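Input: a single structure, listed below in structure tokens.
Numbering (my numbering), first residue to last: 705 to 1099.
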């Protein structure tokens, strides 16, 4: 075997794969170039050098053989054969190989946050027996009061609130980048978003079907808004994956979650009888709600100022928000309170889905929901605080 003289300044380099290892003090020292990884390797993989000094053979030929001590008493490892491939001296960590998605976490967090607020509001209303902000056409609370608004004894919006909350938490986690260095955690986060989006959009699809087929085409703006938010979340999450990921990874998970939701809701709704589906006629005779609170001097004074200015509050006797607005003024202020009832003859929901039309005084103004204030020719929808009413009087 021939000797290969090596100078004391020789260095091993992973860039050339022609290393000479120096032994000093009983151990081999790797030069600084050993830490440099060729740029042509994929960033999605973790490549590490195989153990230095490890004996490897190729086609029966030894890759490195120790030489005899040189004149300086140092023992040098002299390679006699090295592979041409640049990747021979590297091993790959398979656990870190993945194809990352590009889910727009910011958009998902905004949509899920809005959904969380909406469903939390509806859940609170359901637990407290209140009705949501009212709309003309009778959809103010009939959907929430129907048998389809409860699953397993709990309000259906509660399940939506929990799902929106989970999706929001995962989206915020994605924004923070807390899982970006952990491939497994990142995949679990993405799978959680896919599952949450699938549950939301499949539930919304069931609710839209119930509105159209079981509740006589009832209009429920809250249900429609939730369906829009769910669709936006599902689209945003799906947009973060390429076509291969959608077909191999997203589709199976989404299909499984959606099927589970559809089967679960189908079983829950299957026991609802035809008489309880809300398609039978409903009649509400007019009854003026009583006011339990007492008026302050400010409330009485404000009611008179509103009356003298020609202001009007248009409402419905069955509207919870209208009642709350009256309660804020109290009993004593009611004699001057400028209120207009839009259903003075009662309210009826017919078999064909038709409802009692609003009074002419309300239709002439173009009332869309209750309560609606008209002050100085301007319309203000929803309950108003005393401060807001005073400001609107000054305009």
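Yeah, the Cβ is synthetic: ideal placement off N, Cα and C, and Gly gets one too. The structure presented is a predicted model; accordingly, all values stated were derived computationally and were not measured.
Residue i burial status per 10 Å Cβ neighbour count (16 or more: buried)
{"i": "residue 718", "result": "With a pLDDT of 34 at residue 718, under the threshold of 50, the modelled position of this residue cannot be trusted; read the value that follows with caution. Residue 718 should be labelled buried."}
{"i": "residue 992", "result": "exposed"}
{"i": "residue 780", "result": "Unreliable placement is indicated for residue 780, whose pLDDT of 49 sits below 50; the coordinate value is still reported in the next sentence. It is buried - the Cβ of residue 780 has at least 16 other Cβ atoms within 10 Å."}
{"i": "residue 892", "result": "exposed"}
{"i": "residue 880", "result": "exposed"}
{"i": "residue 1098", "result": "exposed"}
{"i": "residue 965", "result": "buried"}
{"i": "residue 987", "result": "exposed"}
{"i": "residue 897", "result": "buried"}
{"i": "residue 1073", "result": "buried"}
{"i": "residue 948", "result": "exposed"}
{"i": "residue 1062", "result": "buried"}
{"i": "residue 823", "result": "buried"}
{"i": "residue 1025", "result": "buried"}
{"i": "residue 934", "result": "buried"}
{"i": "residue 956", "result": "exposed"}
{"i": "residue 850", "result": "buried"}
{"i": "residue 1083", "result": "exposed"}
{"i": "residue 878", "result": "buried"}
{"i": "residue 1091", "result": "exposed"}
{"i": "residue 999", "result": "buried"}
{"i": "residue 967", "result": "exposed"}
Beta bridge counterpart(s) of residue i as assigned by DSSP
{"i": "residue 847", "result": "Residue 847 pairs with nothing; no bridge assigned."}
{"i": "residue 885", "result": "Bridge partners of residue 885: none, in fact."}
{"i": "residue 1084", "result": "1077"}
{"i": "residue 1044", "result": "1018"}
{"i": "residue 987", "result": "1052"}
{"i": "residue 854", "result": "859"}
Where residue i falls: helix, strand or coil (DSSP)
{"i": "residue 1089", "result": "coil"}
{"i": "residue 1099", "result": "coil"}
{"i": "residue 809", "result": "helix"}
{"i": "residue 1051", "result": "strand"}
{"i": "residue 859", "result": "strand"}
{"i": "residue 1014", "result": "coil"}
{"i": "residue 873", "result": "helix"}
{"i": "residue 1069", "result": "coil"}
{"i": "residue 743", "result": "Low per-residue confidence applies at residue 743: pLDDT is 44, beneath 50, and the placement is therefore not dependable enough to give any value."}
{"i": "residue 935", "result": "helix"}
{"i": "residue 919", "result": "coil"}
{"i": "residue 1060", "result": "coil"}
{"i": "residue 992", "result": "coil"}
{"i": "residue 973", "result": "helix"}
{"i": "residue 823", "result": "helix"}
{"i": "residue 998", "result": "coil"}
{"i": "residue 817", "result": "helix"}
{"i": "residue 836", "result": "coil"}
{"i": "residue 945", "result": "coil"}
{"i": "residue 1029", "result": "helix"}
{"i": "residue 1035", "result": "coil"}
{"i": "residue 924", "result": "coil"}
Beta-carbon spacing of residue i, residue j below 8 Å
{"i": "residue 927", "j": "residue 847", "result": "yes"}
{"i": "residue 868", "j": "residue 914", "result": "no"}
{"i": "residue 1076", "j": "residue 1085", "result": "yes"}
{"i": "residue 1079", "j": "residue 1096", "result": "yes"}
{"i": "residue 831", "j": "residue 808", "result": "no"}
{"i": "residue 930", "j": "residue 817", "result": "no"}
{"i": "residue 865", "j": "residue 907", "result": "no"}
{"i": "residue 663", "j": "residue 944", "result": "This structure cannot settle anything about residue 663, because the visible part of the chain is limited to 705 through 1099."}
{"i": "residue 1060", "j": "residue 1041", "result": "no"}
{"i": "residue 1043", "j": "residue 1014", "result": "no"}
{"i": "residue 813", "j": "residue 905", "result": "no"}
{"i": "residue 1065", "j": "residue 1031", "result": "no"}
{"i": "residue 1027", "j": "residue 1017", "result": "no"}
{"i": "residue 970", "j": "residue 815", "result": "no"}
{"i": "residue 855", "j": "residue 972", "result": "yes"}
beta-carbon residue i near the ligand COA non-hydrogen atom, thresh 7 Å
{"i": "residue 923", "result": "Ligands displayed in this structure: none; no statement on the ligand COA is therefore possible."}
* Is it true that the segment 1001-1013 meets the segment 1031-1043, where meeting means three or more beta-carbon pairs spaced less than 8 Å apart? -> yes
* Asked: Contact between the segment 937-952 and the segment 889-908: three or more CB pairs below 8 Å?
  -> yes
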